[in-house]
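Visitor: Residue numbering for the sequence shown follows the UniProt record's numbering, starting at 1 and increasing by one per position. Dropping a structure here in structure tokens format, bear with me for questions.
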Amino acid sequence: MGAILAGGFSRRMGQNKAAMRLVDGCPMIEWVARALERVTPTIVVIGSSSEERCFRPHVQMLSDLRPGLGPLAGIEALLVSNLADAYLVAGCDQPLLSPFLLEVLAHAAGHAYYAEVCVIHCGNSWQPLPSVWRPDALRYVRKALDAGEYRLQRVIADLRPHEIAISPEMFATAISMNCPDDLIAAGLLEC
């Protein structure tokens, strides 16, 4: 099952990232959904605003159990849902995601059934999203949130993820767009 994390305050973007319209007139979240749909037929969105809810009426929505605590709280809501045995998770701010990268990640994670989380890496760097999460990670996610640890990268590192090596070109498609300048530089937003 695919999942898009669409909560957050989007302070640096200046508006709701998920609903931000890109060069083709579609919201950024739609770009991510299109990439995920090439790999998995079912997508769930974790967010709370009405803008995320209306991007596709037939897509199931989940709300954070602990609003305002970032992507880790969204992953908690996802893992609690028991909708699937594994979740291919991406951020709503990753419009350049390559369907091929997602296929590689999902396929490799299928063989790493023992891992609570699988991430991509290139050289000495790894990305927290996209990633594959299994429900077994829930106890670690809850423990971190209860302790006031909200950093997704820290929790993933503590889980000792299964790391999937990819090329620099594929790694570049996983970049998050955090401000309008990022989108302009990527040719996704006009000045």
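C-beta: ideal position from N, C-alpha, C; glycine also.
For Leu-188, which of Glu-30, Ile-4, Met-1, Leu-102 has the nearest alpha-carbon?
Guide: Per the Cα distances, Glu-30.
Visitor: Classify Gly-91 as helix, strand or coil using the three-state DSSP reduction.
Guide: Strand, per DSSP.
Visitor: Applying the 10 Å Cβ sphere with the 16-neighbour rule, what's the burial state of Asn-16?
Guide: Its Cβ being crowded by 16 or more others within 10 Å, Asn-16 is buried.
Visitor: Given Ala-186, which residues of its chain have a CB within under 6 Å of its CB, disregarding the five upstream and five downstream residues?
Guide: Taken in chain order, the list of residues that qualify is empty.
Visitor: Could you check where the alpha helix (DSSP H) with Leu-152 kicks off and where it finishes?
Guide: Start and end: 152-158.
Visitor: With which residues is Ile-175 paired in a DSSP beta bridge?
Guide: Looking at the DSSP assignment, Ile-175 forms no beta bridge with any residue, so it has no partner.
Visitor: Give me whichever residues DSSP pairs with Pro-27 in a beta bridge.
Guide: Paired residue(s): Arg-21.
Visitor: Is it buried or exposed for Cys-118, if we count other Cβ within 10 angstroms and need 16 for buried?
Guide: Under this definition Cys-118 is a buried residue.
Visitor: Decide if Ile-166 is buried, meaning its Cβ has at least 16 other Cβ atoms within 10 Å, or exposed.
Guide: Per the 10 Å Cβ criterion, buried.
Visitor: Assuming Pro-162 is part of the beta strand (DSSP E), what are its boundary residues?
Guide: Inspection of the sequence shows that residue 162 is occupied by His rather than by Pro. Counting along the chain, the beta strand (DSSP E) containing His-162 begins and ends at 162-165.
Visitor: Compute the Euclidean distance between the alpha carbons of Cys-92 and Pro-27, then round it to the nearest angstrom.
Guide: If you take the alpha carbons of Cys-92 and Pro-27, they lie about 9 Å apart.
Visitor: Is Ala-33 near Arg-11, with beta carbons less than 8 Å apart?
Guide: Going by C-beta atoms, Ala-33 is not nearer than 8 Å to Arg-11.
Visitor: With a threshold of 6 Å on Cβ separation, who are the neighbours of Arg-134 within its own chain once the five nearest residues in sequence on each side are excluded?
Guide: Excluding positions up to five away in sequence, the list reads Ala-86, Glu-116.
Visitor: Report yes if the CB atom of Pro-128 is closer than 8 Å to the CB atom of Leu-96, and no otherwise.
Guide: Not a contact, by the Cβ cut-off of 8 Å.
Visitor: What's the gap between the Cα of Tyr-114 and the Cα of Ile-120?
Guide: Their backbone Cα atoms lie some 16 Å apart in a straight line.
Visitor: Three-state secondary structure (DSSP) at Val-59?
Guide: Coil.
Visitor: Which one or two residues does DSSP pair with Ile-184 in a beta bridge?
Guide: Paired residues: none, contrary to the question.
Visitor: Have a look at the DSSP bridge pairing and note the partners of Ala-3.
Guide: Val-44, Val-89, per the DSSP bridge assignment.
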